[in-house]
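All letters in the sequence shown, in the order written, are residues 0 to 286 by numbering that gives the first Met the number 0.
From the three backbone atoms N, C-alpha and C, an ideal C-beta is built for every residue, glycine too.
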Amino acid sequence: MTAPAPTPVVHRVSDLRAQVAAWRADGLRVALVPTMGALHQGHLTLVRHAFTRADRVVVSVFVNPIQFGPNEDFEAYPRTLEADRAALATVGASLVFAPAAAEMYPQGFATAVTVAGVSEGLCGGSRPGHFSGVATVVTKLLLQTLPDVACFGEKDYQQLQVIRRFVADLDIPVEIVGVPTVREDDGLARSSRNAYLTAEERGVAPTLHRTLQDTAQAIRSGAAVDAALEAGRRALLAAGFASVDYLELRAAEGLAPLAALDRPARLLVAARLGNTRLIDNIPVQGA
Ligand code: PAF
Numbered sequence: 000m001t002a003p004a005p006t007p008v009v010h011r012v013s014d015l016r017a018q019v020a021a022w023r024a025d026g027l028r029v030a031l032v033p034t035m036g037a038l039h040q041g042h043l044t045l046v047r048h049a050f051t052r053a054d055r056v057v058v059s060v061f062v063n064p065i066q067f068g069p070n071e072d073f074e075a076y077p078r079t080l081e082a083d084r085a086a087l088a089t090v091g092a093s094l095v096f097a098p099a100a101a102e103m104y105p106q107g108f109a110t111a112v113t114v115a116g117v118s119e120g121l122c123g124g125s126r127p128g129h130f131s132g133v134a135t136v137v138t139k140l141l142l143q144t145l146p147d148v149a150c151f152g153e154k155d156y157q158q159l160q161v162i163r164r165f166v167a168d169l170d171i172p173v174e175i176v177g178v179p180t181v182r183e184d185d186g187l188a189r190s191s192r193n194a195y196l197t198a199e200e201r202g203v204a205p206t207l208h209r210t211l212q213d214t215a216q217a218i219r220s221g222a223a224v225d226a227a228l229e230a231g232r233r234a235l236l237a238a239g240f241a242s243v244d245y246l247e248l249r250a251a252e253g254l255a256p257l258a259a260l261d262r263p264a265r266l267l268v269a270a271r272l273g274n275t276r277l278i279d280n281i282p283v284q285g286a
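See the structure below:
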């Protein structure tokens with residue numbers, strides 16, 4: 000069987016708007032899946048999910064410079080547009096929007112969307128400015144596309160909460176859908192950054208998910224939250240992680256820190272394996 004033709008791509012906001020307007024004129028529902036490219040099964044799952052909610056799915060591919068800190072991997076981040084278009088064709092994505100940085104942030108660009116509360120702590124603590132960069136670019140992508148629905152992975156759980164917050168606060172007329180994390184057979188969450196892992200690190204990486212499960216089980220069984228989290232941190236360091244940015248129990252809605260499992264919760268972790276920072280999270284319900 001021959002491979003399907005790569006998903007069509009536009010680079011300009013005006014072309015994106017023209018295509019979306021044509022679909023709307025035909026009475027079609029439109030979904031947006033924002034990505035930074037280097038697509039893997041997790042992204043393709045988002046696209047499949049988007050098709051359960053809409054007739055046409057736009058996938059944006061943009062490595063957003065303003066969400067990377069000065070010492071982060073912006074330059075090294077994989078850029079694989081042709082492979083991404085081929086992968087998207089296998090799930091029937093309707094259009095790729097791949098703007099240049101100058102299309103998104105022309106000379107004189109001076110606006111930021113900043114979200115208090117949910118942006119603070121966790122990844123917001125170790126990556127200052129990151130969520131303002133995400134909120135700004137996602138606001139632009141939503142206003143450029145004007146989709147009915149936009150899909151985001153739960154793997155970036157804090158990001159999802161930040162997006163839900165500003166979409167509600169700014170009255171952006173779009174439904175935000177969170178899609179459960181796609182994992183490898185050994186539990187490692189799919190991520191574009193897994194490509195950075197050496198073979199040895201790849202062997203250690205599933206400990207992240209296992210530690211989340213063990214910690215959640217201990218908390219559900221009545222262990223003191225602080226003690227369970229401390230045991231989890233020690234387990235990660237013992238397995239070979241270089242450092243643990245955070246391992247925390249937070250309220251599933253709004254991300255308030257929790258000292259006890261008194262409402263639906265989320266256990267979230269970020270840890271460094273060699274030069275790679277991995278994140279993951281799982282839900283924790285009371286017994
Ligand atoms: O999750 C990501 O890949 C990015 O943060 C997003 C939402 C595409 C914004 O650049």
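Tell me the rounded alpha-carbon separation between Ala217 and Ala226. Distance from the CA atom of Ala217 to the CA atom of Ala226, rounded to whole angstroms, is 9 angstroms.
With contact counted as at least three CB pairs below 8 angstroms, one residue from each stretch, are the stretch 152–160 and the stretch 74–83 in contact? Look at the beta carbons and you see the stretch 152–160 not touching the stretch 74–83: under three pairs across the two are nearer than 8 angstroms.
Between the C-alpha atoms of Thr135 and Ala100, what's the straight-line distance to the nearest angstrom? Straight across, the Cα-Cα distance linking Thr135 with Ala100 is about 13 angstroms.
Could you tell me which of Trp22, Ser242 and Val62 sits nearest to Ala56, measuring between CA atoms? Note that residue 56 is Val in the sequence shown, not Ala. Closest in alpha carbon position to Val56, among Trp22, Ser242 and Val62, is Trp22.
Collapsed DSSP secondary structure at Tyr76 in the structure displayed: Three-state result, Tyr76: coil.
Looking at the structure shown, is Asp54 part of a helix, part of a strand, or coil, going by DSSP? Residue state, collapsed to three classes: coil.
Less than 7 angstroms separating the Cβ of Phe165 from some heavy atom of the ligand PAF? No; taking the cut-off as 7 angstroms, the Cβ of Phe165 has no heavy atom of the ligand PAF nearer than that.
Given 8 angstroms, three or more beta-carbon pairs between the stretch 267–282 and the stretch 198–215: Yes: at least three Cβ pairs fall under 8 angstroms.
Which same chain residues, not among the five before or five after Val114, have their C-beta less than 8 angstroms away from its C-beta? Contacts found: Phe130, Ser131, Ala134, Val161, Arg164, Phe165 and Asp168.
Three Cβ pairs or more, each shorter than 8 angstroms: is that satisfied between the stretch 4–13 and the stretch 78–91? Counting Cβ pairs under 8 angstroms, three or more are found: they touch.
What are the start and end residues of the alpha helix (DSSP H) that includes Ile162? From DSSP, the alpha helix (DSSP H) with Ile162 extends over Tyr156 to Asp168.
Whose CB is closer than 6 angstroms to a heavy atom of the ligand PAF? List the residues in chain order. Per the CB criterion, closer than 6 angstroms to any heavy atom of the ligand PAF, the qualifying residues run in chain order as Pro33, Thr34, Met35, Asn63, Gln66, Val133, Val136, Val137, Asp155 and Gln158.
Less than 8 angstroms separating the beta-carbons of Val176 and Thr44? Not in contact: Val176 and Thr44 (Cβ atoms no closer than 8 angstroms).
Taking the beta strand (DSSP E) that Val136 belongs to, which residues open and close that run? Not the beta strand (DSSP E): Val136 falls in the alpha helix (DSSP H), residues His129 to Thr144.
Per DSSP, the bridge partner or partners of Gly177: For Gly177, which the question treats as bridged, DSSP gives the partners Phe151.
Label Phe108 either buried or exposed according to how many other C-beta atoms from any shown protein chain fall within 10 Å of its C-beta, with 16 as the threshold for buried. Exposed is the call here.
Give the C-beta separation of Leu15 and Phe96 to the nearest angstrom, bearing in mind that I take them to be a contact with Cβ-Cβ under 8 angstroms. Contact between Leu15 and Phe96 is confirmed by a C-beta separation of about 5 angstroms, below the 8 angstroms threshold.
Going straight from the alpha carbon of Ala241 to that of Leu272, what length do you get? Taking the straight line from one Cα to the other gives about 6 angstroms.
Out of curiosity, what's the CA-to-CA distance linking Pro138 and Gly221? The sequence given here places Thr at residue 138; Pro does not occur at that position. Each residue's CA atom was taken as its position, placing Thr138 and Gly221 some 41 angstroms apart.
Three-state secondary structure (DSSP) of Leu31: In this structure, Leu31 counts as strand in the three-state DSSP scheme.
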